């Protein structure tokens, strides 16, 4: 088993049609999600599509920045990593407590990238459902606003022990939930981490090696999800370095 317990740092969101979503979401939401732009390499600071409660209490599809910015932050960014939040610590965290109490969200995604550190050198795997359907991950969101009128909606993904995650990866990652649980989560039905954890789903997942080219955040195309042979000469070619490499592999999860 790999010793890498780092939360996910990149994910893909490419939902081809409503049949690509697990059954149980309201049809209007499913249709909107299916028409959202496809993205194959979403990183910190990128925009993703999430489900959240609107100001009138209805569930809406919204575009938000990945990496939660607390409403008390002076700037629309943080010097620390807030793309993921540990489920067991979120309710008492200065950063996430208010979002936990008031602003749950759900992230639909095709899958996510994770480093297999059993290999030398480490190699990225793409984790997805075996049946090809989208995954639904529990998250939190926040609204940030400054006196000059600048506004930002941002989100984080809740993480914790997850035995659905296949070997050789550590069984720890996003908290996946079924559609019915997602709707309950959005309605505020779960007041404690234990309550949400008890309803977490364990879909059948698979993980396969992909190109290290995903490290370049300017790459955003379907070829990033194509399987590769890590031992092939073409696969071992190093992608260009970028200034987020160190962050991308460092666990600074709150």
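In UniProt numbering, the protein residues as written are 1 to 254.
Backbone N, C-alpha and C define an ideal beta-carbon position, used for all residues, glycine too.
A quick note: this is a predicted structure, and the numbers were derived from the prediction, not measured.
Per DSSP, the unbroken beta strand (DSSP E) holding residue 154 starts and ends at 151 to 161. Around the beta-carbon of residue 192, fewer than 16 other beta-carbon atoms lie within 10 Å, marking it exposed. Taking C-beta atoms as the reference points, residue 106 and residue 182 count as a pair closer than 9 Å. Annotation: residue 202 to residue 56 spans about 32 Å, alpha carbon to alpha carbon.
The continuous beta strand (DSSP E) containing residue 135 extends over residues 135 to 145.
For residue 86, the enclosing beta strand (DSSP E) stretches over residues 84 to 86. For residue 28 against residue 36, the beta-carbon gap comes to about 13 Å, at or over 8 Å, which does not count as contact. By the 16-neighbour rule on beta-carbons within 10 angstroms, residue 153 is buried. In this structure, the CA atom of residue 23 is about 15 Å from the CA atom of residue 32. Comparing alpha carbon positions, the residue from 210, 218, 221 and 174 closest to residue 200 is 174. Distance from the Cα of residue 130 is smallest, within the candidate group 185, 147, 111 and 85, for 111. In the DSSP secondary-structure assignment, residue 10 is bridged to 113.
By the 16-neighbour rule on beta-carbons within 10 angstroms, residue 99 is buried. The DSSP assignment places 205 to 209 as complete runs of the beta strand (DSSP E) inside the stretch 183 to 221, in order along the chain (cut-off: 3 residues). Here the C-alpha atom of residue 118 lies approximately 48 Å from the C-alpha atom of residue 149. In the three-state DSSP reduction, residue 62 falls in the strand class (E or B). Sequence-distant Cβ neighbours of residue 143 in its own chain, meaning closer than 6 Å and more than five residues away, are 153. Residue 123 carries a strand assignment under DSSP once its states are collapsed to helix, strand and coil. Counting C-beta atoms within 10 angstroms of its own C-beta, residue 39 has 16 or more neighbours from the protein chains shown and is therefore classed as buried. Just measuring C-alpha positions, the residue of 74, 166, 133 and 34 sitting nearest residue 17 is 34. The continuous alpha helix (DSSP H) containing residue 27 extends over residues 27 to 34. Remark: C-beta atoms of residue 160 and residue 87 approach each other more closely than 9 Å.
When secondary structure is reduced to three states using DSSP, residue 224 falls in the helix class.
Around the C-beta of residue 103, 16 or more other C-beta atoms lie within 10 Å, and the residue is accordingly described as buried.
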